[in-house]
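Enquirer:
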Amino acid sequence: MNTAESVPKNPSSCSMSPLNLEEFRRQGYMAIDFIADYYQNIEKHPVLSQVEPGYLKNLFPKSAPYSPEPIETILHDVQKHIVPGITHWQSPSYFGYFPSSASTAGFLGEMLCTGFNVVGFDWMSSPAATELENIVMEWLGEMLTLPKCFLFAGNGGGVIQGTTCEAILCTLVAARDRMLSQIGKDNIGKLVVYGSNQTHSALQKAAHVAGIHKTNCRAIETTKSTSFALSPESLRLAICLDIESGLVPMFLCATIGTTATTAVDPLRPLCDVANSYGLWVHVDAAYAGNACICPEFQHFLDGVEGAHSLSLNAHKWFFTTLDCCCLWLKDPKALTKSLSTNPEYLMSNHATNSEQVVNYKDWQIALSRRFRSMKLWLVLRSYGVGNLRSFLRSHVKMAQLFEDLVASDKRFEVVVPRNFAMVCFRALPLAISKDVSENGMAVNGQKISYDQEYCSNQLNQELLKSINASGHVYLTHAVVAGLYIIRFAVGATLTEDRHVFTAWKVVQEHLDAITGM
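So the sequence shown is numbered by the UniProt record's numbering: it starts at 1 and just counts up by one.
(1) Roughly how many angstroms lie between the CA atoms of C271 and I71, to the nearest whole one?
(2) For the alpha helix (DSSP H) containing W317, list its first residue and its last residue.
(3) Output the residue ranges of the alpha helix (DSSP H) runs that lie fully inside the stretch 254-316 and measure 4 residues or longer, sorted by chain position.
(4) Rounded to a whole number of angstroms, what is the C-alpha to C-alpha distance between S125 and N117?
(5) Please name the residue in W123, F319, L329 whose C-alpha comes closest to that of R381.
(6) Excluding five sequence neighbours on each side, which residues of the same chain lie with their C-beta closer than 6 Å to the C-beta of Y194?
(7) Can you grab the Cα-Cα spacing for the pair T476 / Y97, in whole Å?
(8) Which residue comes first and which comes last in the beta strand (DSSP E) that contains A427?
(9) Between the Cα of H499 and the Cα atoms of L459, W123, F402, which residue gives the shortest distance?
(10) If you run the structure through DSSP and keep just helix, strand and coil, what is G445?
(11) Can you check DSSP and say which residues form a bridge with P249?
(12) With distance defined between alpha-carbon atoms, name the residue in S408, C424, F420, L405 nearest to V414.
(13) Rounded to the nearest angstrom, how far is the Cβ of A202 from that of I220, given a contact under 8 Å?
(14) Cutting at 6 Å between CB atoms, please list the residues of its own chain near P232, excluding the five before and the five after it.
(15) Mapping the DSSP letters down to three states, classify W328 as helix, strand or coil.
(16) Run through DSSP, which three-state label would A503 get?
(17) Per DSSP, which residues does G157 bridge with? Please list them.
(18) With distances taken Cα to Cα, identify the nearest neighbour of M422 among D302, L367, A263.
(19) Quick check on the DSSP output: what are the complete beta strand (DSSP E) runs of length 3 or more inside the stretch 370-417, in order along the chain?
(20) If you follow the alpha helix (DSSP H) that I74 is in, where does it begin and where does it stop?
(21) Please name the residue, chosen from M179, E462, F24, that lies closest to I486 on a Cα-to-Cα basis.
(22) Any contact between the stretch 323-340 and the stretch 84-96? By contact I mean 3 or more CB pairs, one from each, below 8 Å.
(23) So the candidates are T515, G482, W504, V490; which of them puts its Cα closest to the Cα of F228?
(24) In its own chain, which residues sit with a C-beta less than 8 Å from the C-beta of L112, not counting the 5 before and 5 after it?
(25) Please tell me whether Q508 and D404 are closer than 8 Å, where the distance is taken between their beta carbons.
(26) Near A210, which residues of its chain fall below 8 Å by C-beta distance, leaving aside the five closest residues on each side in sequence?
(27) Among the residues of its own chain, which have a CB less than 8 Å from the CB of L392, if the five just before and after it don't count?
(28) So which of S100, L144, A206 has the shortest CA-CA distance to I365?
(29) Taking the alpha carbon of A351 as the reference point, which residue from F107, W123, Q161 has its own alpha carbon closest?
(30) Measure how close the beta-carbons of K330 and C165 come, nearest whole angstrom, since I'm counting them as under 8 Å.
(31) Quick one: what's got a C-beta closer than 8 Å to Q446's C-beta in the same chain, skipping five residues either side?
(32) Assuming A469 and F95 are in contact, meaning their beta carbons sit under 8 Å apart, how far apart are those beta carbons, in whole angstroms?
(33) Excluding the 5 residues preceding and the 5 following N460 in the sequence, name in chain order all residues of the same chain whose CB lies nearer than 8 Å to its CB.
(34) Check for me: the alpha helix (DSSP H) holding V83 runs from which residue to which?
(35) Which residue comes first and which comes last in the beta strand (DSSP E) that contains I486?
(36) In the DSSP assignment, find the unbroken alpha helix (DSSP H) run with I239 in it and report its ends.
Next up, the structure:
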């Protein structure tokens, strides 16, 4: 490195401003045009990125540029090198995992959030950021018809976290400290958390971070007979066995819309069991909770009044860009008691000292926080409750369309009842050719004896791999009760009926190619 070049003679002088407003305006228009063009042409890209690991390293210099480069050059490189390495979550043919739906209002709200760039850790650091969050969490809670005890109006309250992982961790820490205050901190090794074998892995991670021993995390077995929902009887049995062993039941994570199959745990009886033993009940409604703004889905929340907290991800299926996890609590003081820090440099304002305002730094792990409520506010105002319900219902109807298409082909089955906008299906063993049934199946070049379920799982695994490699659509899988199933989740904002028909045609064609039928 040339030292004379790397250190300017007058470090305080610079001809370039990092926030030149005319350049900001010019480049901002260019960036918006670039993104609009990306969406206009998004169907031309393979949904699943086709690049190989490490592809980008050889395309860019080894060191950052010493001199500035124009935005035109940078955007050219984005188009040429970055876009091919993107799996296009906003493609109308993206049906994998759960959606991360986008919208004009969500984008603009994100722009305002980033543009203001406030660090709203307490009320004084930006009063509007705190108070707008209070308001939108009340609005959304009322849209879900949550009991008043979860709202600020009923001494509860809501906060916007980054993700469900954060929401579960925060509530688990509050539950941990509440229990330890009763039994003593030295007994942390006795605390037990409960979920089902369908509960999101975020629970295991949160328990680990919170100091709960991994052997004290219960993943209670579920069965196909209950559509993989957690049984209250199984929960009670697990709790009783732990109590008999000298352990202390502490936390239950119930789920509305599990990741694998969108199973719905029965809240009322689960809360009855959990509350009878003094457990904190958190309801993870990350995906499906969004649908509960529609009256026809609100019955899935029956019994939520028995829970202590509930979270959903507006960035999944509510047209609000990542990240935006909405968490409501009956007793926010239980959370702030665990997470509050009050250093002197944050104590110099009357509002905080008077306890008349919410200080969201005490509702989360981090101190700093983004103005996330801005984008949710724009979504709610720009579309209104009526249109938001219509958007969600259209996705559910498209999922029902795909479900009907699956049912019309005897080579496939719908594995579990569809609750929302995701269909779990698989190719049946009978789709395997007679020759394979009689003579075995070749896997990785080696012939194996025929076993119906094993071959069916192998078939569906190969089918999904082939479908995704085509780039025409993208789907993901799950394994439940030993069955390898394919998940078809509708939720991308641009998806229309024609994309569902095309996706089904792709599935059928690839099965034909694999089985020779």
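A virtual CB, placed ideally from N, CA and C, is assigned to each residue, including glycine. As the structure is a prediction and not an experimental result, all values here were calculated from the model.
Expert: According to the structure data:
(1) Sequence index remark: in the sequence shown, residue 271 carries index 271 (1-based). Sequence index remark: in the sequence shown, residue 71 carries index 71 (1-based). The alpha-carbon atoms of C271 and I71 are separated by roughly 55 Å.
(2) For the purposes of this step, residue 317 is identified with residue 317 of the sequence shown, where counting begins at 1. Where W317 is concerned, the enclosing alpha helix (DSSP H) stretches over 314-317.
(3) 267-276
(4) Locating residue 125 in the sequence shown gives position 125, where the first residue counts as 1. Locating residue 117 in the sequence shown gives position 117, where the first residue counts as 1. Roughly 12 Å between the two C-alpha positions.
(5) In the sequence shown, counting from the first residue as 1, residue 381 sits at position 381. Answer by Cα proximity: F319.
(6) Numbered from 1 along the sequence shown, position 194 holds the residue referred to as residue 194. Counting only Cβ-Cβ distances below 6 Å, and skipping sequence neighbours, we find R218, L252.
(7) Taking the first residue of the sequence shown as position 1, residue 476 is located at position 476. Taking the first residue of the sequence shown as position 1, residue 97 is located at position 97. Looking at the two C-alpha atoms, the distance is approximately 6 Å.
(8) If you number the sequence shown from 1, residue 427 lands on position 427. Where A427 is concerned, the enclosing beta strand (DSSP E) stretches over 422-427.
(9) Taking the sequence shown and counting its residues from 1, the one referred to as residue 499 is at position 499. Ranking L459, W123, F402 by Cα distance to H499 puts F402 first.
(10) If you number the sequence shown from 1, residue 445 lands on position 445. Unreliable positioning characterises G445 in this predicted model, as indicated by a pLDDT of 47, which lies under 50. A coordinate reading is not provided.
(11) By one-based count along the sequence shown, residue 249 stands at place 249. Paired residue(s): V192.
(12) Residue numbering aside, residue 414 sits at position 414 when the sequence shown is read from its first letter. V414 has its Cα closest to that of C424, out of S408, C424, F420, L405.
(13) Residue mapping note: residue 202 aligns to position 202 of the sequence shown, counting from 1. Residue mapping note: residue 220 aligns to position 220 of the sequence shown, counting from 1. Not quite, the Cβ-Cβ distance comes to about 17 Å (not below 8 Å), so this is no contact.
(14) Within the sequence shown, the letter at position 232 stands for residue 232. Cβ neighbours of P232 beyond the five flanking positions: P269, L270, V273.
(15) Here the question's residue 328 lines up with position 328 in the sequence shown. Looking at W328 - three-state DSSP - the assignment turns out to be strand.
(16) The sequence position of residue 503 within the sequence shown is 503, counting from 1. Helix.
(17) Along the sequence shown, one-based indexing puts residue 157 at 157. G157 is bridged to L329.
(18) Sequence index remark: in the sequence shown, residue 422 carries index 422 (1-based). Out of D302, L367, A263, A263 has the C-alpha closest to the C-alpha of M422.
(19) Within the stretch 370-417, the runs of beta strand (DSSP E) that reach at least 3 residues and sit entirely inside it are, in chain order, 412-414.
(20) For the purposes of this step, residue 74 is taken as the residue at position 74 of the sequence shown. That run of the alpha helix (DSSP H) goes 71-77.
(21) As a working mapping, residue 486 is identified with position 486 in the sequence shown. It is E462.
(22) No, because fewer than three Cβ pairs between the stretch 323-340 and the stretch 84-96 fall closer than 8 Å, the two stretches do not touch.
(23) In the sequence shown, residue 228 corresponds to position 228, counting from 1. Looking at the Cα atoms, G482 is the closest of the given residues.
(24) Numbered from 1 along the sequence shown, position 112 holds the residue referred to as residue 112. Taken in chain order, the residues that qualify are F371, M374, K375, L378.
(25) Within the sequence shown, residue 508 is the residue found at index 508, counting from 1. Within the sequence shown, residue 404 is the residue found at index 404, counting from 1. No.
(26) For the purposes of this step, residue 210 is taken as the residue at position 210 of the sequence shown. The answer, listed in chain order, is L169, L172, V173, R176.
(27) Within the sequence shown, residue 392 is the residue found at index 392, counting from 1. Counting only Cβ-Cβ distances below 8 Å, and skipping sequence neighbours, we find N290, A291, I293, C294, W317, A421.
(28) Within the sequence shown, residue 365 is the residue found at index 365, counting from 1. Closest option to I365, judged by alpha-carbon separation, among S100, L144, A206: A206.
(29) Locating residue 351 in the sequence shown gives position 351, counting from the first residue. Nearest of F107, W123, Q161 to A351, Cα basis: W123.
(30) Walking along the sequence shown from the start, residue 330 turns up at place 330. Walking along the sequence shown from the start, residue 165 turns up at place 165. About 21 Å separates the two Cβ atoms, so there is no contact after all.
(31) Translated into the one-based positions of the sequence shown, residue 446 becomes position 446. With a pLDDT of 47 at Q446, under the threshold of 50, the modelled position of that residue is not reliable, and no figure is offered here.
(32) Against the sequence shown, residue 469 aligns to sequence position 469. Against the sequence shown, residue 95 aligns to sequence position 95. The pair is not a contact, with the Cβ atoms about 15 Å apart (cut-off 8 Å).
(33) Position 460 of the sequence shown, counting from 1, holds the residue named residue 460. R426, A427, H477, Y484, I485, I486, listed in sequence order.
(34) As a first step, residue 83 must be located in the sequence shown, where it is residue number 83. Here V83 belongs to no alpha helix (DSSP H), and DSSP marks it neither H nor E.
(35) Position 486 of the sequence shown holds residue 486. Start and end: 483-489.
(36) The sequence position of residue 239 within the sequence shown is 239, counting from 1. Residues 232-244.
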